[in-house]
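Numbering (our numbering), first residue to last: 164 to 256.
Glycine included, C-beta positions come from ideal geometry on N, C-alpha and C.
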């Protein structure tokens, strides 16, 4: 349920997608979310078990890295690819 909320919020406010949520966008989001889950789990595992970093520090470092390096770019360039935020900003001004 949380991911559905994040999908809808990101779709409307971050990427300003309009109209009914398409099945294709939802499918792409699920694929991206699956990658996010794998990257976060693997990152925390590697940092805690192989590098001996405390779990909370490992989780924080992994989450921030994945959010900046994976989540935003994949959503912008794959999930909501057909939306040009810069063009929408020009039209709204």
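Suppose contacts are defined by Cβ-Cβ distances below 8 Å. Is residue 226 in contact with residue 240 by that definition?
no
So residue 216 packs on residue 210, CB below 8 Å; how close in whole Å?
5 Å
Comparing C-alpha positions only, which one of 198, 185 and 187 sits nearest to residue 236?
198
Pick helix, strand or coil for residue 219, following the three-state DSSP scheme.
It is helical.
Residue 222 and residue 207: beta carbons closer than 8 Å?
yes
In or out: residue 231 buried (at least 16 other Cβ within 10 Å) or exposed?
exposed
If we ignore side chains and look at the alpha-carbon of each, how far apart do residue 186 and residue 229 end up?
25 Å
Would you tell me roughly how many angstroms separate the C-alpha atoms of residue 242 and residue 233, rounded to the nearest one?
12 Å
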